[in-house]
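Residues in the sequence shown are numbered consecutively from 0, following numbering that gives the first Met the number 0.
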Amino acid sequence: MGLLLPAELQLQIFSFLERHDLKAVRAVCRAFRDNASPHLFKSALVCARYRALSTLKLISLHESYRKYVKEIIFDGSVYLKSFTLSSDRYRAEADHHEGLRVGFSREKFLRHGRYKQLYEEQEEMRKDGVLLMEVARALEWLPNVSSVIYSPGPRTVPIEAKLVRDLLPRGVASELDVLDADYTETSQHGIHHLIAAAHMTQYTGIREFRIDALDEASDSEMLHVPGIEFTIAAFQFPSPDHIEAGKFFFSNLHKLDINLSLCAREARLSPLDFAPLDMLANFSTLLTEAADLQELSLNITHWRASAGSMYGHIVGTDKALFPYLGLGATWKFLRVLRLGGVYTSEPQLLGFVSRHKDTLSEAHFTHCSLVEGIWANVVDEIVYGTEIFPFSLHFVNETDIEGTPFHALDPEHWIKWQYVGRILKNREGQRYYESSTTTLSVYARREQQAEE
């Protein structure tokens with residue numbers, strides 16, 4: 000029956016299938032093979048692992064498959080040094096992970112040996128330029144790549160699945176790793192190779208850059224979580240060539256979706272060479288370089304109710320983070336804005352809205368905090384002074400509530416003073432703001448000020 004379906008409908012149906020299902024579908028008949036292939040080969044994985052890169056090379060050299068690749072997924076997860084230095088440390092960490100506790104002593108010893116070998120291969124690829132050159136060659140053969148995705152990982156291609164299935168997941172770290180002088184380069188600078196490859200080949204087709212978030216975990220469990228979180232340390236550039244490559248890469252972007260960690264204040268979760276102001280300055284430079292940006296989503300991960308806990312290790316808590324992120328710039332084509340976890344002020348937001356009034360058509364704020372001013376004034380300006388729609392607030396707050404710092408309130412009062420709402424339209428097309436019934440109205444703070 001499926002053979003009678005038009006090719007267009009087959010393509011649409013196959014787009015909903017997982018990769019292993021697509022492989023099965025391709026084996027049915029030639030028509031299914033031809034219509035399933037564009038979805039199966041839509042993404043290509045890049046990382047510092049020989050088996051994964053060999054798959055990328057095969058796809059890039061295939062006359063048909065290379066045309067289907069639309070996005071490159073960079074697997075940020077890496078093998079880490081401390082576990083290669085001690086089999087006892089490796090086994091102790093493996094005991095934290097279900098499924099890795101089983102096995103005789105010799106099996107566990109051999110697993111440690113495999114982990115060590117894969118770490119050495121990874122470092123060889125990074126330091127000897129193998130990763131850079133292989134990605135550059137692939138880009139020369141992949142004509143339709145328009146998107147780059149940073150994945151915290153770990154992601155695995157089928158050819159390496161059996162090899163790594165009983166190993167410690169990539170990205171799991173120890174405190175020794177985080178405090179190691181090479182940690183930032185090993186864990187955060189891998190994406191530099193992909194960006195440098197685009198610059199080396201002058202590949203101008205990449206329009207979207209997305210950075211996925213790592214799974215949430217408590218500070219005590221963060222080291223045991225597989226994958227490598229994208230942090231501000233990725234914007235530590237060893238040389239001017241790095242920032243030039245970054246400028247080239249960002250200058251071609253139309254869509255940017257970033258989940259960015261500022262690193263924790265605790266030394267055990269911050270590298271020794273952590274220089275966040277310089278890194279923020281580099282990030283700001285690259286963001287400003289994206290002159291043709293149409294959609295900007297910026298989420299600062301691990302929101303905290305206190306500015307000190309959120310970014311006190313970078314700038315003074317009496318200052319908003321907003322300008323340090325490069326958000327004082329103007330993008331003449333910007334249509335969509337999504338901000339999350341950003342400490343800002345009423346004047347800064349109103350200035351942003353004013354600069355983009357002619358183009359901005361959609362805006363959303365999640366867990367954003369005002370260190371100055373009130374959200375009611377921002378909402379009124381957007382409702383009555385712009386055509387922005389849709390617009391929403393999701394658990395935003397002011398940092399001062401009747402002279403009391405927001406973070407000093409009882410936790411049960413946090414929800415009360417975190418505003419949730421959106422702009423709606425009535426039958427006549429008139430716009431109005433509707434607050435959620437589960438929190439105070441966004442106008443509550445203004446009414447309170449009027450009574451004072």
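Think of the CB as a built atom: it goes at the ideal place given N, C-alpha and C, for glycine as much as any other residue. All figures in this text were calculated on a predicted structure; none of them were measured in a lab.
Cα atoms of Ser86 and Met132: separation of roughly 33 Å, rounded to the nearest angstrom.
In the three-state DSSP reduction, Gly420 falls in the strand class (E or B). Note on geometry: alpha-carbon atoms of Ser81 and Val68 lie some 36 Å from one another. Under the three-state reduction of DSSP output, Glu62 falls in the coil class, being neither helix nor strand.
Linking Ala135 to Gly384 through their CA atoms gives a straight-line distance of about 47 Å. About 7 Å separates the beta carbon of Pro346 from that of Gly372, a gap short enough to meet the 8 Å contact definition. In the DSSP assignment, Asp176 falls within the unbroken alpha helix (DSSP H) covering 174–177. Contact annotation: Phe229 and Leu259 have beta-carbon atoms nearer than 8 Å. The DSSP assignment places no complete beta strand (DSSP E) segment of no fewer than 3 residues inside the region 77–136. Taken in chain order, the whole beta strand (DSSP E) runs of length 3 or more contained in the region 223–279 are 254–259.
Taking Phe388 as the centre and dropping the five residues before and after it, the same chain places the C-beta of Ser360, Glu361, Ile422, Lys424, Arg430 closer than 8 Å to its C-beta, in chain order. A straight line joining the alpha-carbon of Phe351 with that of Leu392 spans about 16 Å.
No Cβ-Cβ contact shorter than 8 Å links Val224 with Asp240.
Out of Ala244, Thr183, Met221, the CA that lies nearest to the CA of Pro275 is found in Thr183.
Following the DSSP letters along the chain, one finds Glu386 in no beta strand (DSSP E), marked with neither H nor E.
Closest by C-alpha distance to Ala244, out of Val377, Ser305, Thr203, is Thr203. Residue environment for Ala91: exposed (fewer than 16 other C-beta atoms within 10 angstroms of its C-beta). Within the region 330–355, the complete alpha helix (DSSP H) runs of at least 4 residues fall at 345–354. About 7 Å separates the beta carbons of His366 and Val395, which is inside the 8 Å limit, making them a contact pair.
For Ile72, the enclosing beta strand (DSSP E) begins and ends at 70–74. Following the DSSP letters along the chain, one finds Ala306 in no beta strand (DSSP E) but inside the alpha helix (DSSP H) bounded by residues 306–310.
Phe208 is bridged by DSSP to Val147, Leu255. In the three-state scheme derived from DSSP, where H, G and I count as helix and E and B as strand, Pro168 is classed as coil. Shown here, His366 sits in coil according to DSSP, grouped into three states, outside any helix or strand. Non-local C-beta neighbours of Lys41 in its own chain, meaning closer than 8 Å and more than five positions away in sequence, comprise Tyr67, Val68, Lys69, Glu70, ordered along the chain. Within its own chain, the residues whose Cβ lies closer than 6 Å to the Cβ of Phe248, once the five positions on either side in sequence are excluded, are Ile194, Ala197, listed in chain order.
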